[in-house]
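2 protein chains.
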Amino acid sequence: MDVKDVFAAAEFSNVRMQKINLFETKNFFCDIYCLEPGQEQKVHAHQDEDKIYYVLAGHGSFVVGDETRELGEHQIVMAPAGSQHGVKNTSARRLTLLVFMTPNPNFK
Amino acid sequence: MDVKDVFAAAEFSNVRMQKINLFETKNFFCDIYCLEPGQEQKVHAHQDEDKIYYVLAGHGSFVVGDETRELGEHQIVMAPAGSQHGVKNTSARRLTLLVFMTPNPNFK
Chain A
1 MDVKDVFAAA EFSNVRMQKI NLFETKNFFC DIYCLEPGQE QKVHAHQDED KIYYVLAGHG
61 SFVVGDETRE LGEHQIVMAP AGSQHGVKNT SARRLTLLVF MTPNPNFK
Chain B
109 MDVKDVFAAA EFSNVRMQKI NLFETKNFFC DIYCLEPGQE QKVHAHQDED KIYYVLAGHG
169 SFVVGDETRE LGEHQIVMAP AGSQHGVKNT SARRLTLLVF MTPNPNFK
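Residue numbers (the numbering used here), protein chains in the order written: chain A, 1 to 108; chain B, 109 to 216.
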């Protein structure tokens, strides 16, 4: 049984945002994103893949489409396929996210 | 920007487990599962869809394949396509899950 603890899996770096993979199949992948203050996943888009960001701990600034919004713990947002999206830790504390992306572009 | 709060979205019933849909696209759906003590999602399988259960609050008994395990807050488990899986709230308190399933069988 493939069980993980999201906070035990989290790893941070002083250099850049870290992505830790929890699960991956031909259909999706599920990662933890770990952002120290000031770190970000730059705004980007992928034509075919939907993404979900769920805030496990902390808060930060999220971009989806032409909107930017501060989200905190227990909030969840979807970035639909084709939309611009990204996240920046604009706070003074660590930001930890649970992220799903589907389908898996490695299996096109 | 499609933002939700997972705990604000949760709804419980005395009759049966509740599923509240947060997001749905042709690629996936993402739901909150709300189980009062004793409620369950009976063990079942779907040939093509992977599922993830993430425990937002509480704890319960999870089946994946031929294993049964008690999981609690911050734990996450994957039930791969084709595997038997289910969940039962064997505790005395509410169990709230974030659930992700892909692909979306409604768009085969």
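C-beta: ideal position from N, C-alpha, C; glycine also.
Check for me: the beta strand (DSSP E) holding residue i runs from which residue to which?
| i | result |
| --- | --- |
| valine 111(B) | 110-113 |
| histidine 193(B) | 193-196 |
| valine 15(A) | Counting along the chain, valine 15(A) falls outside any beta strand (DSSP E), and DSSP gives it neither H nor E. |
| glycine 168(B) | 168-172 |
| glutamine 47(A) | Per DSSP, glutamine 47(A) belongs to no beta strand (DSSP E) and is neither H nor E. |
| glutamate 178(B) | 175-179 |
Where residue i and residue j are concerned, what is the direct C-alpha to C-alpha distance, given to the nearest angstrom?
| i | j | result |
| --- | --- | --- |
| aspartate 5(A) | proline 213(B) | 28 Å |
| glutamine 126(B) | phenylalanine 136(B) | 19 Å |
| serine 159(A) | histidine 182(B) | Any property of residue 159(A) remains undetermined from this structure, which presents chain A solely from 1 to 108. |
| valine 99(A) | valine 123(B) | 32 Å |
| arginine 202(B) | arginine 93(A) | 30 Å |
| glutamate 24(A) | alanine 9(A) | 15 Å |
| glutamate 148(B) | glycine 194(B) | 8 Å |
| lysine 159(B) | threonine 90(A) | 32 Å |
| histidine 152(B) | proline 37(A) | 43 Å |
| leucine 22(A) | methionine 186(B) | 9 Å |
| isoleucine 184(B) | leucine 205(B) | 9 Å |
| methionine 101(A) | proline 80(A) | 10 Å |
| proline 103(A) | valine 63(A) | 21 Å |
Could you check whether residue j and residue i sit closer than 8 Å to each other, using their CB atoms as the reference points?
| i | j | result |
| --- | --- | --- |
| glycine 65(A) | glutamine 47(A) | no |
| aspartate 31(A) | isoleucine 20(A) | yes |
| histidine 167(B) | glutamate 157(B) | no |
Please name the residue or residues paired with residue i in a DSSP beta bridge.
| i | result |
| --- | --- |
| leucine 206(B) | Ile140(B), Tyr162(B) |
| glutamine 183(B) | Asp5(A) |
| glutamate 40(A) | Lys88(A) |
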